[in-house]
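Engineer: Starting off with a structure, shown below.
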Amino acid sequence: MDNSITKLFGIQYPIIQGGMVWVSGAKLAAAVSNAGGLGLIGAGSMKPELLREHILKAQKLTDKPFGVNVPLLYDKAQEQIDCALELGVKIFFTSAGSPKKFTSYLKQKGAIVVHVTSSPELAMKCLEAGVDAIVAEGYEAGGHNGREEITTMTLIPQVKAKINIPLIAAGGIATGAGIVAAMSLGADGVQMGTRFLMTAESSAHKNYKELALKALPHSTQIMMRKTVPVRLLSNSFASDIKAIEEQFIGDELKTKLTEHLGKFRAKNGMLDGDIDQGELEIGQVVSLIKNIPSVEEVMRELVADYQKTLSRLPVKL
């Protein structure tokens, strides 16, 4: 599986763990890197001082490359980036904002920069900004989602046709067969959030993981399309959000959603285990996942399934 992605990051497999809020700290990132992939610390839920702790911990847990995912919509993004740079981090995945905001700054510091996008048009903006690689994330993905609602199978070939730098597919991928499919469409590597969320090393609460094991194909849904689209696992909180969206419009809708969201809903659900009133961000592919193994076991299974899938493909149609 040696290719442009493994060479770019200095890793064994072109498999990257999603930098998820509340569930992807040092332990998960280091485990993925130790298993041959690229682990990411999700800075979105961390103040700079907490991010510092996780980076230092990850550096003790692995001598392999790992990176930091920084959502640019948060006001502490600059502080998070400077903290990571100070500690020697050289791989940055940025998302939820303009790729032009920090790419030049990071490149001047000698960092590798990857930006997450949800459409071919936005991929072109990433290319113009000078990123080293692009994550094209389809509508199946968990958490905050693109407004374009383009699925991964449709998105990857369209982005591939417009860029000449490494392309990473994300959204709806949790198996070796999924990796083969993504690469067949033009991806050089994959990023997986939900599959690594559902491992022993992720900091997702046990209650959250156990509820996710019961998920059916229709158990996730996109909420808040008119404000900030996000894919959630169905629960009472998601039902309340749906009811608000059906009842209100315009500024009143935004006000009601803000009031109901309050603070730390995602933390309450994903980290603290309130599976009834917490915000449970997860990908549509969760219904395929029926176990909570170690990261090492997941990586072995992914590679074996990838090779098995290749071996059963017909030589010709």
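Using the numbering used here, read the sequence shown as starting at 23 and increasing by one per residue.
Backbone N, C-alpha and C fix where the C-beta goes; we use that ideal spot for every residue, glycine too.
This one's a predicted model, so the numbers in the text were calculated from it and none came from an experiment.
With H, G and I counted as helix, E and B as strand and the rest as coil, what does DSSP make of S261?
Structural biologist: S261: helix per DSSP, three-state reduction.
Engineer: Taking just the CA atoms, how far does I190 sit from R322?
Structural biologist: 20 Å
Engineer: Go ahead and pull the three-state DSSP assignment for E143.
Structural biologist: helix
Engineer: Where do the N-terminal and C-terminal ends of the alpha helix (DSSP H) with E71 fall, by residue?
Structural biologist: Counting along the chain, the alpha helix (DSSP H) containing E71 begins and ends at 70 to 83.
Engineer: Rounded to a whole number of angstroms, what is the C-alpha to C-alpha distance between T216 and T174?
Structural biologist: 15 Å
Engineer: Can you name, in chain order, every residue of its own chain whose Cβ lies under 7 Å from the Cβ of S141, other than the five neighbours on each side?
Structural biologist: Only G168, E170, I172 meet the Cβ criterion.
Engineer: Only counting the same chain, and skipping five residues up and downstream in sequence, which positions put a Cβ closer than 7 Å to that of K131?
Structural biologist: L107
Engineer: May I have the straight-line CA-CA distance separating G160 from W44, to the nearest angstrom?
Structural biologist: 22 Å
Engineer: Kindly give me the distance between the Cβ atoms of K123 and L95, rounded to whole angstroms, as I take these residues to be in contact under 8 Å.
Structural biologist: Not quite, the Cβ-Cβ distance comes to about 10 Å (not below 8 Å), so this is no contact.
Engineer: Please work out which residues of its chain come closer than 6 Å, Cβ to Cβ, to M50, disregarding the five sequence neighbours upstream and downstream, and give them in chain order.
Structural biologist: In the sequence on display, residue 50 carries Leu and not Met. Cβ neighbours of L50 beyond the five flanking positions: E223, S224.
Engineer: Where D13 and T280 are concerned, what is the direct C-alpha to C-alpha distance, given to the nearest angstrom?
Structural biologist: For residue 13 there is no data in the structure shown, the boundaries of the chain being 23 and 339.
Engineer: In this structure, does DSSP put M245 in helix, strand or coil?
Structural biologist: strand
Engineer: Checking the sheet assignment: what are the DSSP bridge partners for Q39?
Structural biologist: Beta-bridge pairing links Q39 to M214.
Engineer: In angstroms, rounded to a whole number, what distance separates the CA positions of L18 and E303?
Structural biologist: Nothing about residue 18 can be reported from this structure: the residues present for the chain run from 23 to 339 only.
Engineer: Quick test of the definition: if touching needs 3 or more C-beta pairs under 8 Å, does the stretch 205 to 213 touch the stretch 287 to 307?
Structural biologist: no
Engineer: Please report the Cβ distance between K125 and A151, rounded to the nearest whole angstrom; I am assuming they are in contact, meaning their Cβ atoms lie under 8 Å.
Structural biologist: In the sequence as presented, Lys is not what sits at residue 125; that position holds Thr. Under the criterion of beta carbons closer than 8 Å, T125 and A151 qualify as touching, at roughly 4 Å.
Engineer: Is DSSP giving T173 helix, strand or coil here?
Structural biologist: coil
Engineer: Who are the near neighbours of H76 in its chain, counting only those whose CB is closer than 6 Å to its CB and skipping five residues on each side?
Structural biologist: G47, A48, I63
Engineer: Looking at the unbroken alpha helix (DSSP H) that takes in E319, where does it start and where does it end?
Structural biologist: Counting along the chain, the alpha helix (DSSP H) containing E319 begins and ends at 317 to 334.
Engineer: With a threshold of 8 Å on Cβ separation, who are the neighbours of L332 within its own chain once the five nearest residues in sequence on each side are excluded?
Structural biologist: Residues V202 of the same chain have their beta carbon placed closer than 8 Å to that of L332, with the five preceding and five following residues left out of the count.
Engineer: Measure the Cβ-Cβ separation of A22 and L83 and say whether it is below 8 Å.
Structural biologist: Nothing about residue 22 can be read from this structure; the chain reaches only from 23 to 339.
Engineer: What are the boundary residues of the alpha helix (DSSP H) that N56 is part of?
Structural biologist: 48 to 56
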